[in-house]
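Asker:
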Amino acid sequence: IYNQVNVVLKDAEGILEDLQSYRGAGHEIREAIQHPADEKLQEKAWGAVVPLVGKLKKFYEFSQRLEAALRGLLGALTSTPYSPTQHLEREQALAKQFAEILHFTLRFDELKMTNPAIQNDFSYYRRTLSRMRINNVPAEGENEVNNELANRMSLFYAEATPMLKTLSDATTKFVSENKNLPIENTTDCLSTMASVCRVMLETPEYRSRFTNEETVSFCLRVMVGVIILYDHVHPVGAFAKTSKIDMKGCIKVLKDQPPNSVEGLLNAL
Numbered sequence: 364i365y366n367q368v369n370v371v372l373k374d375a376e377g378i379l380e381d382l383q384s385y386r387g388a389g390h391e392i393r394e395a396i397q398h399p400a401d402e403k404l405q406e407k408a409w410g411a412v413v414p415l416v417g418k419l420k421k422f423y424e425f426s427q428r429l430e431a432a433l434r435g436l437l438g439a440l441t442s443t444p445y446s447p448t449q450h451l452e453r454e455q456a457l458a459k460q461f462a463e464i465l466h467f468t469l470r471f472d473e474l475k476m477t478n479p480a481i482q483n484d485f486s487y488y489r490r491t492l493s494r495m496r497i498n499n500v501p502a503e504g505e506n507e508v509n510n511e512l513a514n515r516m517s518l519f520y521a522e523a524t525p526m527l528k529t530l531s532d533a534t535t536k537f538v539s540e541n542k543n544l545p546i547e548n549t550t551d552c553l554s555t556m557a558s559v560c561r562v563m564l565e566t567p568e569y570r571s572r573f574t575n576e577e578t579v580s581f582c583l584r585v586m587v588g589v590i591i592l593y594d595h596v597h598p599v600g601a602f603a604k605t606s607k608i609d610m611k612g613c614i615k616v617l618k619d620q621p622p623n624s625v626e627g628l629l630n631a632l
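If you count by the numbering used here, then the sequence shown holds residues 364 to 632, one letter each, in order.
1. Taking all protein chains shown into account, decide if H597 is buried (16 or more other Cβ within 10 angstroms of its Cβ) or exposed.
2. Which runs of the alpha helix (DSSP H) spanning at least 4 residues fall entirely within the segment 529-573, listed in chain order?
3. CB-CB under 6 Å to F581, same chain, minus the five flanking residues each way: which ones, in chain order?
4. My output table needs one value for I608: the three-state DSSP class, helix, strand or coil.
5. Cα-Cα, which of Y520, K604, N478 and K528 is closest to V589?
6. Using the C-alpha atoms, what's the distance from Q449 back to T566?
7. In chain order, what residues of the same chain have a beta carbon less than 6 Å from the beta carbon of C552, not counting five sequence neighbours either side?
8. Y365 and A456 look like a contact to me (Cβ under 8 Å); what is the Cβ gap, rounded to whole Å?
9. Have a look at V412, A631 and V370 and flag the residue whose alpha-carbon is nearest the alpha-carbon of P525.
10. What do you reckon, are the CB atoms on V625 and L583 nearer than 8 Å?
11. How would you call Q460, buried or exposed, if buried means at least 16 neighbouring beta carbons within 10 angstroms?
12. For V500, which three-state DSSP category applies?
13. For a test of the three-state rule: what should DSSP assign to D381, helix, strand or coil?
14. Just verifying my parser: in three-state terms, what is the DSSP assignment at S442?
15. Please report the distance separating the alpha-carbon of A395 from that of A408.
16. Identify, in the order they occur along the chain, each residue of the same chain with its Cβ nearer than 6 Å to the Cβ of R434, setting aside the five sequence neighbours on each side.
17. Count the other CB atoms within 10 Å of the CB of R386; is the residue buried (16 or more) or exposed (fewer)?
18. Specify whether the segment 556-571 and the segment 495-502 touch according to this definition: at least 3 beta carbon pairs, one from each stretch, less than 8 Å apart.
19. Do you know offhand how far N541's Cα is from L437's?
20. Are there three or more Cβ pairs, one per stretch, closer than 8 Å when the segment 405-421 is compared with the segment 484-491?
21. Label L518 either buried or exposed according to how many other C-beta atoms from any shown protein chain fall within 10 Å of its C-beta, with 16 as the threshold for buried.
22. Closest to Y445 by C-alpha separation, out of L544, K618, G389 and P622, would be which residue?
23. Using 8 Å for Cβ pairs, my map puts A523 next to M476. What's the rounded Cβ distance?
24. Distance check for A462 and K373, CA to CA, integer angstroms please.
25. Let me confirm a value: H390 is counted as buried when at least 16 other C-beta atoms fall within 10 Å, else exposed. Which label applies?
26. Roughly how many angstroms separate the alpha carbons of F634 and C613, rounded to a whole number?
Here is the structure:
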């Protein structure tokens with residue numbers, strides 16, 4: 364499992380860099396819409412959008428790989444006979460990978476949330492493609508994304524936090540497909556990870572060992588990620604009195620950070 368997940372995580376940084384540098388084709392699209400009779404502008408907009416949709420397809424396909432990796436890790440970290448705490452102690456490398464997946468997920472969604480160009484580009488691509496089909500114009504670029512894939516991508520990008528939604532659904536599916544596994548195996552694994560992050564962040568002795576702010580961001584994102592997964596899977600959710608997650612403590616830790624650095628995380632919760 365470790366090696367399989369590692370192959371996926373190796374590509375994560377490149378995906379984030381591509382998303383961070385995603386500028387969109389807003390200008391070309393506006394020009395094409397304002398001058399519908401100008402063929403050159405139509406071609407220019409289409410030429411700008413097609414490679415961008417190639418990127419969006421790559422991001423979407425990566426979400427599928429990430430989902431498979433998460434389910435593999437959940438299987439390894441919740442299997443009997445060990446308790447979740449024993450699993451996390453015995454398989455620290457897998458627990459770290461789980462945390463890295465969540466860290467990537469929240470970073471991806473933070474970047475996606477602040478980039479309206481993604482949905483605009485994709486909508487324009489789909490509209491233009493259907494117009495080309497009606498007019499029987501051969502569309503280079505259509506082989507990039509067929510209709511069925513385009514529908515799935517549309518649903519993915521319509522989500523405010525698409526990667527988190529993918530992982531939440533995957534966790535829910537994992538629990539429902541493994542009926543012989545007590546649900547506590549999964550929820551306790553998640554609540555234990557949330558506690559570890561919270562304690563590391565709120566205890567000055569541990570906090571002082573963090574050599575850079577990136578470690579703080581990492582712990583905050585992982586904490587929020589596991590809380591959200593727990594909330595999806597647990598019958599009464601993370602915010603109920605009987606929840607094994609100290610939500611007050613977790614929110615206090617978030618509110619103790621500089622506001623601009625945690626706004627996205629508080630919104631996600």
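Even glycine gets a Cβ: it sits at the ideal position worked out from N, Cα and C.
Answerer: Well, looking at it:
1. Mapped onto the sequence shown, residue 597 falls at position 234. Buried, because 16 or more other Cβ atoms sit within 10 Å of the Cβ of H597.
2. Here the runs fully enclosed are 546-565 and 567-570.
3. Walking along the sequence shown from the start, residue 581 turns up at place 218. For F581, same chain residues with a beta-carbon under 6 Å away, outside a window of 5 residues either side, are H466 in chain order.
4. Locating residue 608 in the sequence shown gives position 245, where the first residue counts as 1. I608 carries a coil assignment under DSSP once its states are collapsed to helix, strand and coil.
5. Looking up residue 589 in the sequence shown gives position 226. The shortest C-alpha separation from V589 is found at K528.
6. Within the sequence shown, the letter at position 203 stands for residue 566. Within the sequence shown, the letter at position 86 stands for residue 449. Rounded to whole angstroms, the separation of the alpha carbons of Q449 and T566 is 23 Å.
7. On the sequence shown, residue 552 is found 189 positions in, with the first residue counted as 1. Taken in chain order, the residues that qualify are L440, T441 and P447.
8. Taking the first residue of the sequence shown as 1, we reach residue 365 at position 2. Taking the first residue of the sequence shown as 1, we reach residue 456 at position 93. Sure, about 6 Å apart at Cβ, within 8 Å.
9. Position 162 of the sequence shown, counted from the first residue, corresponds to residue 525. When only C-alpha atoms are compared, the closest one is A631.
10. Indexing the sequence shown from 1 puts residue 625 at position 262. Indexing the sequence shown from 1 puts residue 583 at position 220. It is a contact, given that the beta carbons lie within the stated cut-off.
11. Your numbering for residue 460 matches position 97 in the sequence shown. Label assigned to Q460: buried.
12. For this step, residue 500 is matched to residue 137 along the sequence shown. Three-state result, V500: coil.
13. Locating residue 381 in the sequence shown gives position 18, where the first residue counts as 1. When secondary structure is reduced to three states using DSSP, D381 falls in the helix class.
14. Taking the first residue of the sequence shown as position 1, residue 442 is located at position 79. Here DSSP, grouped into helix, strand and coil, assigns S442 to coil.
15. By 1-based counting over the sequence shown, the position of residue 395 is 32. By 1-based counting over the sequence shown, the position of residue 408 is 45. Taking the straight line from one Cα to the other gives about 6 Å.
16. Position 71 of the sequence shown, counted from the start, is the residue given in the question as residue 434. Excluding sequence neighbours, R434 sits near A533 and F537.
17. The residue you call residue 386 lines up with position 23 of the sequence shown. Exposure of R386 is indicated by the presence of fewer than 16 other C-beta atoms within 10 angstroms of its C-beta.
18. Taking 8 Å as the limit for Cβ pairs, the verdict is that the segment 495-502 does not touch the segment 556-571.
19. Within the sequence shown, residue 541 is the residue found at index 178, counting from 1. Within the sequence shown, residue 437 is the residue found at index 74, counting from 1. Straight-line Cα distance between these residues: approximately 11 Å.
20. Touching, per the Cβ criterion.
21. Translated into positions along the sequence shown, residue 518 becomes position 155. Under the 10 Å beta carbon count, L518 is surrounded by fewer than 16 other beta carbons and is classified as exposed.
22. Numbered from its first residue, the sequence shown carries residue 445 at position 82. From the listed residues L544, K618, G389 and P622, the smallest Cα separation to Y445 is found for L544.
23. The residue given as residue 523 occupies position 160 in the sequence shown. The residue given as residue 476 occupies position 113 in the sequence shown. That belief holds up - the Cβ atoms of A523 and M476 are roughly 6 Å apart, short of 8 Å.
24. Taking the sequence shown and counting its residues from 1, the one referred to as residue 373 is at position 10. Taking the sequence shown and counting its residues from 1, the one referred to as residue 462 is at position 99. Looking at the two C-alpha atoms, the distance is approximately 14 Å.
25. Translated into the one-based positions of the sequence shown, residue 390 becomes position 27. The residue in question, H390, is exposed, as its Cβ has fewer than 16 Cβ neighbours within 10 Å.
26. Lying outside 364 to 632, the shown extent of the chain, residue 634 is not represented and no answer is given.
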